[in-house]
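Notes for the one structure printed next.
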Amino acid sequence: MSSRQSLILETAAGLIARRGVRGLRVEELATEAGVSVGLVYYHFGDRAGLMQHTWEFINERAERYTSSAGDPDRDPRGRLEDMLLLELQDVPEVRENSTAWGEFRASAVFEPDLGRQVREATARWVRDAESLIRHGQDTGAIVATVAATDAAERLTALVEGLSERWLAGSLPLERARFLLRGALTLELGPQPPHPARREAARPHPARAHSRTRDLAE
4 MSSRQSLILE
14 TAAGLIARRG
24 VRGLRVEELA
34 TEAGVSVGLV
44 YYHFGDRAGL
54 MQHTWEFINE
64 RAERYTSSAG
74 DPDRDPRGRL
84 EDMLLLELQD
94 VPEVRENSTA
104 WGEFRASAVF
114 EPDLGRQVRE
124 ATARWVRDAE
134 SLIRHGQDTG
144 AIVATVAATD
154 AAERLTALVE
164 GLSERWLAGS
174 LPLERARFLL
184 RGALTLELGP
194 QPPHPARREA
204 ARPHPARAHS
214 RTRDLAE
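According to this note's numbering, the stretch in the sequence shown is residues 4 to 220, in order.
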C-alpha cells in the first residue's frame with residue numbers, strides 16, 4: 004500500500020470515528036487528506052470499496068496495538084489477557100480505532116455488506132480467543148471445565164461493552180480494566196503460578212493481535 008493510500012484510509016478512519024459511516028463524505032475526506040476526489044476513487048473504486056478498505060485498515064491497526072511479547076505456546080492465558088486488555092488504552096490511536104469500530108458495528112444493522120464484514124471479524128476474534136483458551140486448558144493455565152467457545156463469546160462481548168462505556172465517558176478506564184480482569188478470573192479460573200508469567204497487558208500503542216484476517220473473502 005502506498006503512503007498516499009495509507010493517508011486516505013487513516014483520514015477516513017478518523018472521519019468515521021467523528022461522523023459515523025453514513026456521515027462520511029468523499030469530498031470532505033479528500034479535502035482533509037489533501038488529495039483530489041478523483042484520486043480517492045482511483046485507489047478505491049467507489050464508496051463501497053473505500054469502506055471495505057477502511058474497515059480492513061482499522062482492524063489491521065488493531066492488530067498492531069493489541070499484540071504482546073508473550074509466547075502463546077508458553078503462556079496462552081497471558082496472551083489472551085493481553086489481547087483483551089490492550090483494547091482498553093487511553094491513547095489517541097486506540098480511542099479513534101475503537102470508536103470507528105463501534106460506528107461500523109452500528110451501521111451493520113442497516114447495511115448488509117457491512118453486516119457480513121462485522122460478523123466475519125467478530126467470529127475471527129472469538130475464534131482467536133477460543134483457541135487461546137483451549138491451549139490454556141491443555142497447559143493447565145485455565146480450568147479444564149471451562150466451555151471455551153462460551154467464555155470467548157462472553158469475554159469479547161464484554162470488551163466491546165466496556166470500551167463503549169469508557170469512550171462515552173460513563174466508565175473510567177481503570178475501572179473498565181479492573182472489571183475485565185475480574186471477568187477473566189471468573190471465566191477462566193484463578194491464575195496458577197507460572198514461572199514465565201509477566202505482568203499482563205501493559206498498554207503499548209505499537210503492538211497488536213489479529214482480530215481479522217480473511218475480510219476480503
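All C-beta atoms in this analysis are idealised placements derived from N, C-alpha and C, irrespective of residue type, glycine included.
In this structure, residue 165 and residue 132 do not form a Cβ contact; the two beta carbons are roughly 15 Å apart against a cut-off of 8 Å.
An exposed status is given to residue 141, since fewer than 16 other beta-carbon atoms sit within 10 Å of its beta-carbon. Between the alpha carbons of residue 62 and residue 143 lies a gap of roughly 31 Å. One thing to note: residue 170 has its Cβ no nearer than 8 Å to the Cβ of residue 110. Scanning 70, 81, 37, 25 for the CA closest to the CA of residue 8 turns up 37. Here residue 121 has 107, 108, 111 as same chain residues with Cβ atoms under 7 Å from its own Cβ, once five neighbours each way along the sequence are excluded. Between the beta-carbon of residue 69 and that of residue 90 there is about 6 Å, and that keeps the pair under the 8 Å contact cut.
Under the three-state reduction of DSSP, residue 63 is assigned to helix. Taking a 10 Å sphere around the C-beta of residue 139, we find 16 or more other C-beta atoms and assign the residue as buried. Contact between the segment 24-43 and the segment 148-160 is absent: fewer than 3 CB-CB pairs across the two stretches fall below 8 Å.
Excluding the 5 residues flanking it on each side, residue 195 has same chain C-beta neighbours closer than 7 Å at 143, 144, in chain order. Every alpha helix (DSSP H) of 4 residues or more that sits fully in the segment 11-95 is shown, in chain order, as 29-36, 40-47, 50-68, 79-88. Per DSSP, reduced to three states, the secondary structure at residue 148 is coil, with no helix or strand assignment.
With respect to residue 10, residue 19 sits apart: the two C-beta atoms are not nearer than 8 Å.
Between residue 135 and residue 79, the gap from beta carbon to beta carbon is short of 8 Å. Boundaries of the alpha helix (DSSP H) around residue 117: 115-142. In the three-state reduction of the DSSP assignment, residue 105 falls in the helix class, which pools H, G and I.
Counting only the Cα atoms, residue 115 lies some 30 Å from residue 88. In the DSSP assignment, residue 185 falls within the alpha helix (DSSP H) that extends over 176-191. Going by beta carbons, residue 51 and residue 32 fall outside the 8 Å limit. Taking a C-beta distance under 8 Å as the contact criterion, residue 53 and residue 47 qualify as a contact pair.
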